[in-house]
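If you're matching them up, the sequences are chains F and R in order.
Just so you know, this note's numbering puts 577 at position 128 of the first sequence, and the rest follows in order with no gaps.
Just so you know, this note's numbering puts 654 at position 205 of the second sequence, and the rest follows in order with no gaps.
By construction, the Cβ of each residue, glycine as well, lies at the ideal position given by its N, Cα and C atoms.
Quick caveat: nothing in here was measured; it's all calculated off a predicted structure.
Have a look at the structure below before the remarks.
Number of protein chains: 2
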Amino acid sequence: MRALSAAGHRVLGFDADPETRATARSAAARVPAAQRWQITATIRDAAADAELVVLAVPLPALDDVLDALTACGYHGLITDVTSVKGPVREAVAARLRRAANPLAGFVGGHPMTGKSVSGFASGDPALFTGCAWVLCLDEATGLDDWLTVAGLITALGARVVPATSAEHDRAVAVISHVPHLLALALAATAASDPLALTLAAGSFRDGTRVAGSRPELVAAMCGGNAAAVLTALGDVQERLDEAAKALEGRDPLRAIRDWAKDGHAARQAWPPAPGRPEQVPVRVETLLRLGRAGGWITEVAADRRTVTAFLPVEGE
Amino acid sequence: MRALSAAGHRVLGFDADPETRATARSAAARVPAAQRWQITATIRDAAADAELVVLAVPLPALDDVLDALTACGYHGLITDVTSVKGPVREAVAARLRRAANPLAGFVGGHPMTGKSVSGFASGDPALFTGCAWVLCLDEATGLDDWLTVAGLITALGARVVPATSAEHDRAVAVISHVPHLLALALAATAASDPLALTLAAGSFRDGTRVAGSRPELVAAMCGGNAAAVLTALGDVQERLDEAAKALEGRDPLRAIRDWAKDGHAARQAWPPAPGRPEQVPVRVETLLRLGRAGGWITEVAADRRTVTAFLPVEGE
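Pasting the structure below:
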């Protein structure tokens, strides 16, 4: 809401919690009048004249909110910012099949940014500047709807990454969900040794930081993406098995040094730097290939026939 | 050198690299005259009148330096700051048996602090303030030698943690060596998916930070501590197997939430806060019990009969 309002859009918002609505109303009073969002008393009031509805609710609340939207006859475009995309796509598809007034269009989204603090008061209109924002291009996604949302989001300064829901869920399993499991396993292992906890410094602090996330949140992320998390966890465990073999061998120093090279090179090359901007034709396969190669788009052309795209270049 | 000089000790230093010696000499010229260290041209010159020699060399260089020290007839106390203590203890013991002039005393040490940048120019006299500094109390360690080094180091503002070499090596396997292996395995797994690398944000950044350490350093740490690292890695892998089972089960959300509780609680309670200071009698078993309970000492009494000790108290 803060980012869209600051970008000059007319924004109406609703939250199930009256206290959050009150906080959001007072916060609006503190921004320039032209950038002020409005808080409505019902979902119906918020959606009545909307061209786009952004669902910013956790996965377990999604079904109810989609039902409320169809119940009030909303026919416009919908996007969301939930961290797992397969279950969201399925929830929307189930409603499209069932609803007397099918939703006009749905584009699943996931901005790869956030803060360690929650609540409306922690919002920041600049939160999305430069962040990667996945927009799902699934078989059921209308390319025109996708371009509409992509245009809106690139205009906020985010880098839009095209991917299927399945590709997104596999990628976040590796870079977000499994890291939580590793952090929790490490913290739990250290817990049995008070001496270790007293000696722990930087590598333990960073390696376990996300173990501070609430177990409910970790469960929602990993449990909602179980198949992809299992695959990614299996890959990591395989590499750890190789490390164990290296340590058991006759020359552990040399074996661990060789084993460490891939991971070290990957980390040194991260984050990927952008190559030169390219004008890329708007075709589903071309966009998905761009996303698979680690690319992103920063602009949708006015005629919607091309997008401005970047591919990553090798780091050092 | 910087910390000991700043604390008013007379410090002489030697480094095998002439460039490092030059850097250390010019750096000395920039501190107040009373706090100036001297750089010598040989190990012999540095050790000639020393009461204590601090070995700050990597494990592979240790044998040569110990040989040079015995060759020049050094009879004083020695301590070191190497990150694995078992192999250091064995190297010293081998020389004690062999040398015509046995070393008077050895106390293995490991300050749990550091910087991501190396070299004399990166030194900081305040680096040890508040850090945990393990001093090994093995069977061969003279308690009087241990108290001498402990007194020196607590006066630098560090928290001295008594532990056997084996206890130290087991603890750092969990809190330092295994975190490096987890970070490397995670980074290597993500490397095969450019989409994942583009989406990666905070949890990947922190979870893989130490994968940026040079493979040679990781190999020296893990390879020099292979048995303890294997045990700790096995414990972490067992917990990851449990997470996999939780994900495969009928209710992955509830199972992961329950699985996550131990690690979450451990991370929330870390770092441990100090309890009230206590005067503890100087006895080997008492000191080792203190270390095993996660405690540390901040002062050695002038009569050397007690130390000021702290035990950790439960976090939130």
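- Task: Indicate the three-state DSSP secondary structure (helix, strand or coil) for Val-480/R in the structure shown.
- Result: Reading the second sequence from its first residue, position 31 is the one you call residue 480/R. Residue state, collapsed to three classes: coil.
- Query: What's the call for Val-621/F, buried or exposed, on a 16-neighbour Cβ count within 10 Å?
  - Reply: Locating residue 621/F in the first sequence gives position 172, counting from the first residue. With 16 or more Cβ atoms within 10 Å of its Cβ, Val-621/F is classed as buried.
- Evaluate Gly-698/F with the Cβ neighbour count: other Cβ atoms within 10 Å of its Cβ, from every protein chain shown; 16 or more gives buried, anything less gives exposed. Mapped onto the first sequence, residue 698/F falls at position 249. Counting other Cβ atoms within 10 Å of its Cβ, Gly-698/F stays below 16 and is therefore classed as exposed.
- Anyone know if the C-beta pair for Ile-746/F and Val-733/F falls short of 9 Å? Counting from one through the first sequence, the residue named residue 746/F turns up at place 297. Counting from one through the first sequence, the residue named residue 733/F turns up at place 284. Not closer than 9 Å, so no.
- Message: Which runs of the alpha helix (DSSP H) at least 4 residues long sit entirely within the region 514 to 595 of chain R? Give them in chain order.
- Response: Unbroken alpha helix (DSSP H) stretches of 4 residues or longer found wholly inside the region 514 to 595 of chain R: 535 to 547, given in chain order.
- Could you confirm whether any beta carbon from chain R is found closer than 9 Å to the beta carbon of Arg-663/F? Mapped onto the first sequence, residue 663/F falls at position 214. Judged by the 9 Å Cβ criterion, Arg-663/F is in contact with chain R.
- Determine the direct distance from the alpha carbon of Thr-472/R to that of Ala-669/F, and round the result to whole angstroms. The residue given as residue 669/F occupies position 220 in the first sequence. The residue given as residue 472/R occupies position 23 in the second sequence. For Ala-669/F and Thr-472/R, the distance between alpha carbons rounds to 54 Å.
- Report yes if the C-beta distance between Val-678/F and Val-627/F is below 9 Å; otherwise report no. Start at 1 with the first residue of the first sequence, and residue 678/F comes out as number 229. Start at 1 with the first residue of the first sequence, and residue 627/F comes out as number 178. Cβ atoms of Val-678/F and Val-627/F: closer than 9 Å.
- Message: Run through chain F and tell me which residues come within less than 7 Å of Thr-657/R, C-beta to C-beta.
- Response: Here residue 657/R corresponds to residue number 208 of the second sequence, with the count starting at 1. Within chain F, the residues near Thr-657/R are Arg-716.
- Query: Does Arg-732/F come within less than 9 Å of chain R when only Cβ atoms are used?
  - Reply: To locate residue 732/F, count along the first sequence from 1; it is residue 283. It does not: the Cβ of Arg-732/F has no partner Cβ on chain R nearer than 9 Å.
- What first and last residue would you give for the alpha helix (DSSP H) that runs through Ala-490/F? The count along the first sequence starts at 1 and reaches residue 490/F at position 41. Segment: none, Ala-490/F is in no alpha helix (DSSP H) and carries neither H nor E.
- Task: Verify the CB distance criterion: does Ser-625/F have a CB-CB separation below 9 Å to chain R?
- Result: Position 176 of the first sequence, counting from 1, holds the residue named residue 625/F. Yes, Ser-625/F counts as interfacial toward chain R.
- For Thr-755/R, three-class secondary structure by DSSP: Here residue 755/R corresponds to residue number 306 of the second sequence, with the count starting at 1. The answer is strand: DSSP assigns Thr-755/R an E or B state.
- Sequence ranges, alpha helix (DSSP H) only - wholly within the region 681 to 752 of chain R, length at least 4: 701 to 717, 733 to 741
- Query: Rounded to a whole number of angstroms, what is the C-alpha to C-alpha distance between Leu-526/R and Ala-520/R?
  - Reply: To locate residue 526/R, count along the second sequence from 1; it is residue 77. To locate residue 520/R, count along the second sequence from 1; it is residue 71. Cα to Cα, the separation comes out at about 15 Å.
- Message: Taking 8 Å as the cut-off, does the region 637 to 649 of chain R touch the region 735 to 745 of chain F (at least 3 CB pairs, one atom from each stretch)?
- Response: yes
- Task: Would you mind telling me which residues of chain F sit closer than 7 Å to Ala-639/R, beta carbon to beta carbon, in chain order?
- Result: Working through the second sequence from its first residue, we reach residue 639/R at position 190. Residues of chain F passing the Cβ test: Val-623, Ile-624, Ala-715.
- Item | Euclidean distance between Cα positions of Phe-569/F and Asp-529/R | Counting from 1 along the first sequence, the entry for residue 569/F is found at position 120. Counting from 1 along the second sequence, the entry for residue 529/R is found at position 80. Cα to Cα, the separation comes out at about 52 Å.
- Query: At least one CB of chain F closer than 9 Å to the CB of Glu-765/R: is that the case?
  - Reply: As a working mapping, residue 765/R is identified with position 316 in the second sequence. Low confidence applies here, because Glu-765/R scores a pLDDT of 43, under 50, leaving its location unreliable; read the following figure in that light. Chain F, which has no Cβ nearer than 9 Å to the Cβ of Glu-765/R, makes this no.
- Cβ-Cβ separation, Leu-737/F to Leu-586/F (assumed contact under 8 Å), whole Å: In the first sequence, counting from the first residue as 1, residue 586/F sits at position 137. In the first sequence, counting from the first residue as 1, residue 737/F sits at position 288. That belief holds up - the Cβ atoms of Leu-586/F and Leu-737/F are roughly 6 Å apart, short of 8 Å.
- Query: Does the distance from the CB of Val-749/R to the CB of Gly-557/R come in under 9 Å?
  - Reply: For the purposes of this step, residue 749/R is taken as residue 300 along the second sequence, with counting starting at 1. For the purposes of this step, residue 557/R is taken as residue 108 along the second sequence, with counting starting at 1. Cβ distance not < 9 Å, so Val-749/R and Gly-557/R don't count as in contact.
- Item | Residue range of the unbroken alpha helix (DSSP H) whose run includes Val-621/R | Here the question's residue 621/R lines up with position 172 in the second sequence. Its alpha helix (DSSP H) spans residues 614 to 621.
- Nearest-angstrom Cα separation, counted from Ser-532/F out to Glu-765/R: Numbered from 1 along the second sequence, position 316 holds the residue referred to as residue 765/R. Numbered from 1 along the first sequence, position 83 holds the residue referred to as residue 532/F. Confidence in Glu-765/R is poor, its pLDDT being 43 and thus under 50, which makes the residue's placement unreliable; the coordinate value appears in the next sentence. The straight-line gap from Cα to Cα measures roughly 29 Å.
- Excluding the five sequence neighbours on either side, which residues of its own chain have a C-beta within less than 8 Å of the C-beta of Pro-730/F, listed in chain order? Residue 730/F sits at position 281 when you count from the first residue of the first sequence. So the list reads Arg-754, Thr-755, once near-sequence residues are dropped.
- Task: Say whether chain F places a C-beta atom closer than 9 Å to the C-beta of Trp-745/R.
- Result: Position 296 of the second sequence holds residue 745/R. It does: the Cβ of Trp-745/R has a partner Cβ on chain F nearer than 9 Å.
- Proximal residues of chain F, C-beta to C-beta of Val-583/R below 8 Å: Within the second sequence, numbered from 1, the residue matching residue 583/R stands at position 134. The answer, in chain order, is Leu-648.
- Is Val-556/F close to chain R, meaning its C-beta is less than 9 Å from at least one C-beta of that chain? Counting from one through the first sequence, the residue named residue 556/F turns up at place 107. Taking Cβ atoms only, chain R never reaches closer than 9 Å to Val-556/F, which makes this a no.
- Query: What are the boundary residues of the beta strand (DSSP E) that Leu-605/F is part of?
  - Reply: Within the first sequence, numbered from 1, the residue matching residue 605/F stands at position 156. Here Leu-605/F belongs to no beta strand (DSSP E), and DSSP marks it neither H nor E.
- Supposed close pair Trp-582/F, Arg-544/F - CB separation, criterion 8 Å: For the purposes of this step, residue 582/F is identified with residue 133 of the first sequence, where counting begins at 1. For the purposes of this step, residue 544/F is identified with residue 95 of the first sequence, where counting begins at 1. Not really, about 24 Å apart at Cβ, beyond 8 Å.
- Item | Between the CA atoms of Arg-663/F and Ala-660/R - distance to the nearest angstrom | If you number the second sequence from 1, residue 660/R lands on position 211. If you number the first sequence from 1, residue 663/F lands on position 214. Looking at the two C-alpha atoms, the distance is approximately 26 Å.
- Query: If you drop the 5 nearest sequence neighbours on each side, which residues of the same chain put their C-beta closer than 8 Å to that of Leu-516/F?
  - Reply: Position 67 of the first sequence, counted from the first residue, corresponds to residue 516/F. Checking the sequence shown, residue 516/F turns out to be Asp, not Leu. Correct list, in chain order: Arg-544.
- Query: With a CB to CB cut of under 8 Å and the five nearest residues on each side skipped, what residues in its chain are close to Pro-761/R?
  - Reply: Taking the second sequence and counting its residues from 1, the one referred to as residue 761/R is at position 312. Cβ neighbours of Pro-761/R beyond the five flanking positions: Pro-721, Ala-722, Pro-723, Gly-724, Ala-742, Gly-743, Gly-744.
- Is Thr-657/F near Trp-708/R, with beta carbons less than 9 Å apart? As a working mapping, residue 657/F is identified with position 208 in the first sequence. As a working mapping, residue 708/R is identified with position 259 in the second sequence. No, these two residues do not count as a Cβ contact at 9 Å.
- Message: When you compare the CB of Thr-562/R with every CB in chain F, is at least one pair closer than 9 Å?
- Response: By one-based count along the second sequence, residue 562/R stands at place 113. For Thr-562/R, the answer is yes, since a Cβ of chain F falls inside 9 Å of its Cβ.
- Query: Sorted by chain position, which residues of the same chain lie with C-beta nearer than 7 Å to Thr-491/F's C-beta, five sequence neighbours on each side aside?
  - Reply: Sequence index remark: in the first sequence, residue 491/F carries index 42 (1-based). So the list reads Phe-463, once near-sequence residues are dropped.
- Quick one, which of Ala-497/R, Ala-496/R, Ser-454/R, Val-503/R has its alpha-carbon nearest Arg-479/R's? On the second sequence, position 30 is the one that residue 479/R refers to. Among Ala-497/R, Ala-496/R, Ser-454/R, Val-503/R, the Cα nearest to that of Arg-479/R belongs to Ser-454/R.
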